[in-house]
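Protein chains: 2
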Amino acid sequence: MITEEEAVLKVEPRQLDTLLHPNFDANALKTAENIATGLPASPGAAAGELYFTAHEAAAAGKAGKSVILLRDETTPEDIEGMDLARGILTARGGMTSHAAVVARGMGRPAVVGCGALIINEEKKTLTVGGKTYHEGDNVSLDGSTGKVYAGLVPTVETTVTGDFATLMGWADKARTLKVRTNADTPRDTQQAVDFGAEGIGLCRTEHMFFEASRVKAMREMILADNAEQRKAALNKILPVQQKDFEEMYIALDGRPMTVRYLDPPLHEFLPQESMTAEIAEIAKELNTTSEKIVEKIGQLHEFNPMMGHRGCRLAVTFPEIAEMQTRAVLQAALKVRKEKGIDVKPEIMIPLVGTVKELKFVKEIVLDTAEKIFSEQGEKIEFQVGTMIEIPRACVVADEIAKEAEFFSFGTNDLTQMTFGFSRDDAGKFLDAYYDNKILESDPFARLDQEGVGELVKMAVEKGRQGRPNIKLGICGEHGGDPSTVEFCHNVGLNYVSCSPFRVPIARLAAAHAAIKEKQAK
Amino acid sequence: MITEEEAVLKVEPRQLDTLLHPNFDANALKTAENIATGLPASPGAAAGELYFTAHEAAAAGKAGKSVILLRDETTPEDIEGMDLARGILTARGGMTSHAAVVARGMGRPAVVGCGALIINEEKKTLTVGGKTYHEGDNVSLDGSTGKVYAGLVPTVETTVTGDFATLMGWADKARTLKVRTNADTPRDTQQAVDFGAEGIGLCRTEHMFFEASRVKAMREMILADNAEQRKAALNKILPVQQKDFEEMYIALDGRPMTVRYLDPPLHEFLPQESMTAEIAEIAKELNTTSEKIVEKIGQLHEFNPMMGHRGCRLAVTFPEIAEMQTRAVLQAALKVRKEKGIDVKPEIMIPLVGTVKELKFVKEIVLDTAEKIFSEQGEKIEFQVGTMIEIPRACVVADEIAKEAEFFSFGTNDLTQMTFGFSRDDAGKFLDAYYDNKILESDPFARLDQEGVGELVKMAVEKGRQGRPNIKLGICGEHGGDPSTVEFCHNVGLNYVSCSPFRVPIARLAAAHAAIKEKQAK
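Chains as they are written, first to last, in my numbering: chain C, 1 to 522; chain E, 1001 to 1522.
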């Protein structure tokens, strides 16, 4: 007989990865034709029909087909197609490419950087091992092994038994670190709650706008010539965003939700300059000219968009965006409380803050707008305003920033990028040489670099508590679902980690391990 | 009667800026036609003929003409044309744009971000205020005021009198901080030595290769398919680079020289994908196909080149580059010592280091190559190996890095970029809103942000001395010539600052101010 805590320690958090995703039928796999092997970017097995564009993949997915989305690389515009696919397969990119990161976030099986695949997007053909596949042909992929197979290999759903629930119950009793989820759809929210998430640590509001039917209003806003036109376009976005929040508040049923304000550079919502057909279509739709759109794309071009006009810098230049988002967050909260009697807890998170004055500036917009809403509606709701800590400078001046922030959420993806000076999208070109020469031992985007980035996190935790002793502290980078990082977060005294829905059980178990180990060491 | 030190304190370092550059004749200015006004990006007055491309500006400059280079924005490819122009004028970009930074570095008068200028590069016309100017038309610009004039306004050279030399002599007696220069040509080196520079703090070796006649070998190297081909191309570069170093060692006459190894992403040496005519020309020259060059440009494309495959990451993936550069540095040193009897002091600086293992890896290549050279030549020369501290992570782990580095040189340009998450080339799009809203008080690329970036510098100074008590510490970012930053550098205990040649006297005076003020405060 062993104790509950001993039992919890006997299960490695990483093992849950396989347990929580569909796998291929072991017998069928013996005879399956392995046509290529790439990087195992997001675990789980998937089988379905090949589609070569996110647009067509989305349409086929909506029509109820099992879809495998095949791309050279994915871009933010592909989000909807990725979400509606069973599995994602790319010819280029590493473990930290867009496809890999987004797929893991969605819990969608993915194989990336499969160099043997020769994709002709125009002709919609895939050539590999001398054989050519067309749109609609069946393929299968295993995101846990990186293997790609011809045809449909049957999958078996994993069944989580009562024993699993018992074990997780023991883990929850042992842990002190809370576990939230990164989610931006009601479906993901429900999934995460089912997996035991105790709230949303990161709702990326921009993800709500890449969907084809919604991006139009965003584009109108971007193409606006002045604040009035921008406000008119934002007024079209407001009801849609408010509705999203309402549905998510309902799925959360009283759990807190951290809403990150618009973060990406605006050019991500426009096509690339070379995509003349798309541009002509958008021009027609928006009742403007292709020239005007091309001109705007040129204006928005940045040499290093990661360090460009994004995050709270958008709210500083276009305060009306933060106004609209505040309306959406708070009006949705008031409505859901009134209609459903749910105790909604919105936490407004200002991204990419590097100076306290930046946060103060945007916070004032939020507070002013809140005052207006409350006086319009004749009732109030409690909410918090905090910030993401993802800029190295924010760690250095965290004591100052904490005076204006009710919570910090460490955005360790961007913090890792800037602390190392590694662009996540480009580092694949040299990171292999770094592993080969033993300069780095693991991917700093997958496992938090405790010596460098972790030191900055520690500094920010200490300074943050100096500035505001009861400050709430969490992490919402990809790292939040990595067991060794979860242990680090427990040890530095964070209040919660937030990770993608499928990693919530892993984080719960890892948090329990950290707490038990700490107790044992005492 | 006042003391020498009181006299030194009476002259503001910034005043020297006007003193050291040519100015317009005051009488002529009264009747000059002011056609536009932009940002005063680099002080001094210039008058000459308009040229619309760097290539043509360079040709005209070499032919002895007074040239004003006019561009929408400048790029690294424009270096030679900028260097050979009397003045630089751009329609776009801010005080931290490429044109502004490079012009200040060169001491070349520049007006940037002059939005009223409508440039048609194809037709080679400039339209402003309803009037059109063509190639060869005369214009004048004042980089101290931002004003642009039609025609040739006569300039008066400034004369530095004996009083100035006396004052600077007193300043040198008072200061403890050494002043070096950033230079990569023998001419700039000589200029800086004449201005009192005590060595080179930053020789950017890539600047030596943007010149048209030299970039060919770089392109051969970039297009090489394997290490052997790369070595063959590098062997063509070696004698040219060695010769550059020889001439600079001679100009320095025994003063130390810090040589930074290749830093920029390799795509900077290739044209843009859309420049089909240039690509065809290069293909012909290199005996390859346009397709191959376009393919390589595609491979080298990066989403965020500032955080991409550059700096020591190039040496990790292509060690043969560091080998060649070590040969050039040390063979030149041995030759100049032998032939001229000059006591050469090379300091090899590995850029963009974020982990100690990275530095160790490149340092081993340097030491192995040095051993080979010394055994080939049967004689040795003393040299140091150190690193630039320009990645936030390097500040956090500076104690570890110092164990492998004989010196640190703070690259505060990049450190500012990554600490703030501001891309220097893109921040112009939002920084105005930051100034308008009083979020930032001054440009962090011009005046060091002491609260944030400065804290990281302090941390690295303390940790660096922990790791190696006698470590040599300097700064080589643009900030090295800013008086308030010089004072900061004195106060945190750096050994030297390094700045562009024209700012050396300013830095000497500012260093004296800092030392005298510190003494007075005691």
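Note that beta-carbon positions come from the ideal geometry of N, C-alpha and C, so glycine has one too.
Computed from a predicted structure; not experimentally measured.
Is it the case that the Cβ atoms of residue i and residue j are separated by a distance below 7 Å?
i	j	result
I35 (chain C)	V128 (chain C)	yes
K523 (chain C)	F407 (chain C)	For residue 523 (chain C) there is no data in the structure shown, the boundaries of chain C being 1 and 522.
E1198 (chain E)	K1178 (chain E)	yes
P1022 (chain E)	E1157 (chain E)	yes
T90 (chain C)	A103 (chain C)	no
A57 (chain C)	Y51 (chain C)	yes
G48 (chain C)	R86 (chain C)	yes
L16 (chain C)	I506 (chain C)	yes
A1524 (chain E)	G1464 (chain E)	It is not possible to answer for residue 1524 (chain E), since the shown part of chain E is limited to 1001 through 1522.
G311 (chain C)	T258 (chain C)	no
G525 (chain C)	D1426 (chain E)	This structure leaves residue 525 (chain C) out entirely; chain C is present only between 1 and 522.
R1230 (chain E)	M1221 (chain E)	yes
A1280 (chain E)	P1501 (chain E)	no
V1111 (chain E)	G1162 (chain E)	no
V1316 (chain E)	A433 (chain C)	yes
E246 (chain C)	V344 (chain C)	no
H479 (chain C)	A514 (chain C)	no
E1211 (chain E)	E1122 (chain E)	no
Which residues in chain C have a C-beta closer than 7 Å to the C-beta of residue i? List them in chain order.
i	result
Y1434 (chain E)	V316
Q1417 (chain E)	M307
P1392 (chain E)	P392, M418 and T419
In chain E, which residues lie with their C-beta within 9 Å of the C-beta of residue i?
i	result
N413 (chain C)	Going along chain E, no residue has its Cβ under 9 Å from N413 (chain C), so there is no contact; the nearest lies around 12 Å.
Would you report the Cα separation of residue i and residue j, rounded to the nearest angstrom?
i	j	result
R503 (chain C)	V486 (chain C)	11 Å
V1366 (chain E)	I1475 (chain E)	23 Å
L117 (chain C)	G130 (chain C)	10 Å
V11 (chain C)	I516 (chain C)	13 Å
C499 (chain C)	A511 (chain C)	12 Å
L431 (chain C)	L334 (chain C)	48 Å
T355 (chain C)	H1134 (chain E)	46 Å
T1003 (chain E)	G452 (chain C)	49 Å
S1274 (chain E)	L1039 (chain E)	30 Å
K1062 (chain E)	M1082 (chain E)	12 Å
F1445 (chain E)	G1411 (chain E)	11 Å
Q384 (chain C)	E404 (chain C)	11 Å
I348 (chain C)	E462 (chain C)	22 Å
H1055 (chain E)	G1421 (chain E)	33 Å
P1271 (chain E)	L1223 (chain E)	13 Å
K30 (chain C)	T155 (chain C)	13 Å
T1132 (chain E)	L1152 (chain E)	16 Å
G1254 (chain E)	E302 (chain C)	43 Å
E358 (chain C)	A1032 (chain E)	43 Å
Residue i versus chain E: which residues are under 8 Å apart at the beta carbon?
i	result
T355 (chain C)	I1439, L1440 and G1452
Is there a Cβ from chain A that is less than 7 Å from the Cβ of residue i?
i	result
I68 (chain C)	Of the chains in the structure shown, none is chain A; the protein chains are C and E.
Should residue i be listed as close to the ligand HEM, given that the test is whether its C-beta is under 6 Å from any heavy atom?
i	result
H479 (chain C)	The model on display carries no ligand, and the ligand HEM is accordingly not part of it.
Give the interface partners of residue i over in chain E, defined as CB-CB distance under 7 Å, in chain order.
i	result
F361 (chain C)	N1437 and I1439
V396 (chain C)	G1452, E1455 and L1456
R313 (chain C)	F1430
E291 (chain C)	Ordered by position in chain E, no residue passes the 7 Å Cβ test against E291 (chain C), which lies about 16 Å from the chain.
E358 (chain C)	I1439
Counting pairs of beta carbons, one from the region 400-420 of chain C and one from the region 449-469 of chain C, are three or more of them closer than 8 Å? yes
Check whether the region 1249-1261 of chain E touches the region 1291-1305 of chain E, taking contact to mean three or more Cβ pairs, one atom from each stretch, closer than 8 Å. no
Could you say if the region 1320-1338 of chain E and the region 1232-1244 of chain E meet the contact criterion of at least three C-beta pairs nearer than 8 Å? yes
Evaluate contact between the region 371-389 of chain C and the region 281-290 of chain C, counting only Cβ atoms and requiring at least three cross-stretch pairs below 8 Å. no
List in chain order: all unbroken beta strand (DSSP E) runs of 3+ residues lying wholly within the region 1153-1185 of chain E. 1178-1182
If we require 3 or more residues per run, which beta strand (DSSP E) segments fall completely within the region 1210-1255 of chain E? none
Please give the ranges of any alpha helix (DSSP H) in the region 304-328 of chain C, keeping only runs that are unbroken, at least 4 residues long and fully inside the region. 312-317
Which runs of the alpha helix (DSSP H), 4 residues or longer, sit entirely within the region 1007-1039 of chain E? 1016-1019 and 1026-1031
Return the chain-ordered ranges of every beta strand (DSSP E) run that is complete within the region 470-496 of chain C and spans a minimum of 3 residues. 472-475
Which runs of the beta strand (DSSP E) spanning at least 3 residues fall entirely within the region 377-458 of chain C, listed in chain order? 384-389 and 407-410
In chain order, which continuous runs of the beta strand (DSSP E) of length 3 or greater are located wholly inside the region 69-111 of chain C? 87-90
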